[in-house]
Amino acid sequence: MLEWNIQSRAHTCHLTGHPFFDGELYHTVLLEGRDGFERLDLSAAGWREHGSGISARPGFVSHWKGTYHKPPASAPEAIRRDDAESLLRALLARGDETHAGAVYILAVMLERKRLLKIKAQTREGGRRVTLYEQPRTGDVFAVTDPDLQLTQLEEVQRDVASLLEHGLPVEIPTPGPTPVFDGSPQEEPFNAPSELTTLAPA
Numbered sequence: 001m002l003e004w005n006i007q008s009r010a011h012t013c014h015l016t017g018h019p020f021f022d023g024e025l026y027h028t029v030l031l032e033g034r035d036g037f038e039r040l041d042l043s044a045a046g047w048r049e050h051g052s053g054i055s056a057r058p059g060f061v062s063h064w065k066g067t068y069h070k071p072p073a074s075a076p077e078a079i080r081r082d083d084a085e086s087l088l089r090a091l092l093a094r095g096d097e098t099h100a101g102a103v104y105i106l107a108v109m110l111e112r113k114r115l116l117k118i119k120a121q122t123r124e125g126g127r128r129v130t131l132y133e134q135p136r137t138g139d140v141f142a143v144t145d146p147d148l149q150l151t152q153l154e155e156v157q158r159d160v161a162s163l164l165e166h167g168l169p170v171e172i173p174t175p176g177p178t179p180v181f182d183g184s185p186q187e188e189p190f191n192a193p194s195e196l197t198t199l200a201p202a
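When we follow this note's numbering, the leftmost residue of the sequence shown carries the number 1, and every step to the right adds one.
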């Protein structure tokens, strides 16, 4: 099954290295590989010269055109607890299957509000994968349909409401194994002579 991922828009043409300028028309191609989706952003010239060959590659999923917008110079805003898009990004980055239903519901909510646009759909492991684009940033989200049943909807809606209100729980790192003394000689720690630490200028 393909992992969730966020594919960000490139700032240069994948083939020519041509830097995109603000307002320039570009072409995006998505290819499906063994480990996920590969995104290629091409200039108009790159698409004219190589587009037909790329779209004929095995694993071709979709192609669309977009307008490049120069990213703002200021740092991105901090994640807000009530921001559905920020929550979706955080969940996708975490990749926790326990929130698969919440990811799907958030993506549908954002699509209905026209904050995300559906660009393509494919199937992986018998499940539908929808590719959404955030028009402002050009980021692409791959969201797997968890095939929710009616009996699960209420629980998923509660999960979404709780996440929007309280945010994601902090991940606690798993502690490493406790060292076990096996009786073998241990190196003594080096301690500097106390005189070195007590000397003071005359």
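Ideal Cβ positions, reconstructed from N, Cα and C, are used throughout, including at glycine.
If you compare the alpha carbons of Arg-89, Glu-124 and Gly-51 with that of Asp-139, the shortest gap goes to Arg-89.
The beta strand (DSSP E) runs lying completely inside the region 66-144 and spanning 3 residues or more are 117-124, 127-133 and 140-144, given in chain order.
Here DSSP, grouped into helix, strand and coil, assigns Arg-48 to helix.
The closest CA to that of Thr-67, considering only Glu-111, Asp-147, Ser-43 and Thr-144, is found on Ser-43. Nearest to Glu-111 by alpha-carbon distance, out of Leu-92, Glu-85 and Gly-126, is Glu-85.
Residue environment: Asp-22 is assigned as exposed (fewer than 16 neighbouring CB atoms within 10 Å of its CB, all protein chains considered). Between the C-alpha atoms of Ile-118 and Val-61 there is a straight-line separation of about 13 Å.
A straight-line Cα-Cα distance of about 6 Å links His-11 and Phe-20. Approximately 7 Å separates the beta-carbon atoms of Asp-147 and Arg-127; this is inside 8 Å, confirming the contact.
According to DSSP, Arg-39 shares a beta bridge with Leu-30.
In the three-state scheme derived from DSSP, where H, G and I count as helix and E and B as strand, Leu-164 is classed as helix. Collapsing the DSSP output to three states places Gln-7 in a strand. The beta carbons of Phe-141 and Ala-102 sit no closer together than 8 Å. Cβ-Cβ separation between Val-29 and Leu-40: approximately 4 Å, consistent with a contact (criterion under 8 Å).
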